[in-house]
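Undergrad: Below is the structure I would like to discuss, written out as C-alpha cells.
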Amino acid sequence: MLKSSKRISLIIIIVAGLILSGSLFMIFVGNTTEVLVATQDVKANTKIKESMFTTERVDTASLPDNYLSADSAKDVVGYYTYIGFTKGSVISKSNIATSAKKASGAIEKGKTLLTISAENLPTGIQSGDKVNIIIGANTDSGNKVVLTYQNIDVSNIYVDDEGSITGLEVSVTPEQSQKIVYAKLNGELSISLLPINYKDINLPIIDEGGFLDTSSSSTATDTNTSEAQ
Numbered sequence: 001m002l003k004s005s006k007r008i009s010l011i012i013i014i015v016a017g018l019i020l021s022g023s024l025f026m027i028f029v030g031n032t033t034e035v036l037v038a039t040q041d042v043k044a045n046t047k048i049k050e051s052m053f054t055t056e057r058v059d060t061a062s063l064p065d066n067y068l069s070a071d072s073a074k075d076v077v078g079y080y081t082y083i084g085f086t087k088g089s090v091i092s093k094s095n096i097a098t099s100a101k102k103a104s105g106a107i108e109k110g111k112t113l114l115t116i117s118a119e120n121l122p123t124g125i126q127s128g129d130k131v132n133i134i135i136g137a138n139t140d141s142g143n144k145v146v147l148t149y150q151n152i153d154v155s156n157i158y159v160d161d162e163g164s165i166t167g168l169e170v171s172v173t174p175e176q177s178q179k180i181v182y183a184k185l186n187g188e189l190s191i192s193l194l195p196i197n198y199k200d201i202n203l204p205i206i207d208e209g210g211f212l213d214t215s216s217s218s219t220a221t222d223t224n225t226s227e228a229q
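Residue numbers (the UniProt record's numbering): 1 to 229.
Shown next, in the form of C-alpha cells:
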C-alpha cells in the first residue's frame, strides 16, 4: 500500500508539473508575437535580403503599431528600405519603401531603371542576376552593327499568369537606355544570363565589314563601349 501511495503521489506531482508548465507556456505565447527582427545594421535605400533579418517572439505590448509579422518574411525580400534599421530592432512597415519611393530613392547614381521585353529569355533568370544585353541595329548608312553591354544588373522580373518571364527591369545608364530602346524598335535585342563572378571581356562592336576580321579582337572593350554610348 505504501508503494502504491508513493506512485500515486509521484504521478500527481508529474501531472501537476505538466499542467503548470503548459499554463506558463500558454501565458508566454499568448503575450508574444513572432515578428521580423534585424540581424544587422542596414542603411536606407538598400535592397532587402533574407540574411538581414530573422524571426523572433517579442512581447506584444512592446511592439510598434505597424510591425511586420513573421508571415511577411518572404514578402519583404527584394524590396528596398525607406528608413534604415539597426541590429536587434523590430522591422516595421515604415522601414520598407513603396515602389514609388524605391524608384525615386534607391537608384544608383548615374543609372536609370529600364523595363525591357525580349523573346526567349534565359530560363531561371531572377532579380539580382547579371546579364549581357546584345543589341543589333541598322545604322544611317545601312550597315548592321552588333554591340554588347556587359554585367548589367537585373533589378526585377515580370511574369505572366502562367509564370513565364515576359520582361526584365535593368539598371543602365541613360545612354545605354536610348540605344537599347532604339534596337528594340528598329533592330534586335537578346539577353544572356551570366555566371557568378563574370568578368567583362573584350567584345568589340561588330559590323558587316568586320564580322570575319579576326584582328578586330584586339580592340579594347572600353573604347567600344564609350563609342557605343
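No residue lacks a Cβ here, since even glycine has one placed at the ideal position from N, Cα and C.
So, does the region 112-128 touch the region 171-187, judging by three or more C-beta pairs under 8 angstroms?
TA: Yes: the two stretches touch, three or more of their Cβ pairs being nearer than 8 angstroms.
Undergrad: If we count Cβ pairs, one from each stretch, closer than 8 angstroms, do we get three or more for the region 85-94 versus the region 121-130?
TA: Result no; under three Cβ-Cβ pairs closer than 8 angstroms.
Undergrad: Using the Cβ count rule (16 or more neighbours within 10 Å means buried), how would you classify residue 68?
TA: In the sequence shown, counting from the first residue as 1, residue 68 sits at position 68. That one is buried.
Undergrad: Express the C-alpha separation of residue 135 and residue 41 in angstroms, rounding to a whole number.
TA: The residue you call residue 41 lines up with position 41 of the sequence shown. The residue you call residue 135 lines up with position 135 of the sequence shown. Rounded to the nearest angstrom, the two C-alpha atoms are 40 angstroms apart.
Undergrad: Sort 160, 154, 35 and 178 by Cα distance to residue 71 and report the nearest one.
TA: If you number the sequence shown from 1, residue 71 lands on position 71. Taking only the C-alpha atoms, the option nearest residue 71 is 35.
Undergrad: Give me the Cα-Cα distance between residue 149 and residue 133, rounded to the nearest whole angstrom.
TA: Taking the sequence shown and counting its residues from 1, the one referred to as residue 149 is at position 149. Taking the sequence shown and counting its residues from 1, the one referred to as residue 133 is at position 133. Near 5 angstroms, if we compare the C-alpha coordinates of residue 133 and residue 149.
Undergrad: Tell me which residue opens and which closes the beta strand (DSSP E) that residue 177 is part of.
TA: On the sequence shown, residue 177 is found 177 positions in, with the first residue counted as 1. It is not in any beta strand (DSSP E) - residue 177 instead sits in the alpha helix (DSSP H) that spans 174-186.
Undergrad: Taking 6 angstroms as the limit between beta carbons, can you name the residues of its chain near residue 176, skipping five residues before and five after?
TA: Residue 176 sits at position 176 when you count from the first residue of the sequence shown. Taken in chain order, the residues that qualify are 149.
Undergrad: In this structure, how does DSSP classify residue 118 when only helix, strand and coil are distinguished?
TA: As a first step, residue 118 is located in the sequence shown; it is residue number 118 there, counting from the start. Residue 118 falls in the coil class under three-state DSSP.
Undergrad: Please return the same chain residues whose Cβ sits closer than 6 angstroms to the Cβ of residue 190, not counting the five positions on each side in sequence.
TA: Start at 1 with the first residue of the sequence shown, and residue 190 comes out as number 190. Only 134 meet the Cβ criterion.
Undergrad: Using three-state DSSP, classify residue 71 as helix, strand or coil.
TA: Along the sequence shown, one-based indexing puts residue 71 at 71. Helix, per DSSP.
Undergrad: Here's the rule: buried if 16 or more other CB atoms are within 10 angstroms of the residue's CB, otherwise exposed. What is residue 159?
TA: In the sequence shown, residue 159 corresponds to position 159, counting from 1. With fewer than 16 Cβ atoms within 10 Å of its Cβ, residue 159 is classed as exposed.
Undergrad: Please list the terminal residues of the continuous beta strand (DSSP E) segment that includes residue 137.
TA: Reading the sequence shown from its first residue, position 137 is the one you call residue 137. That run of the beta strand (DSSP E) goes 130-138.
Undergrad: Thinking residue 59 and residue 32 are a contact (beta carbons under 8 angstroms), I'd like their distance in whole angstroms, please.
TA: Translated into the one-based positions of the sequence shown, residue 59 becomes position 59. Translated into the one-based positions of the sequence shown, residue 32 becomes position 32. Indeed, because the Cβ distance is near 6 angstroms, the residues count as touching under 8 angstroms.
Undergrad: Please list the terminal residues of the continuous beta strand (DSSP E) segment that includes residue 151.
TA: Translated into positions along the sequence shown, residue 151 becomes position 151. Element bounds for residue 151: 144-159.
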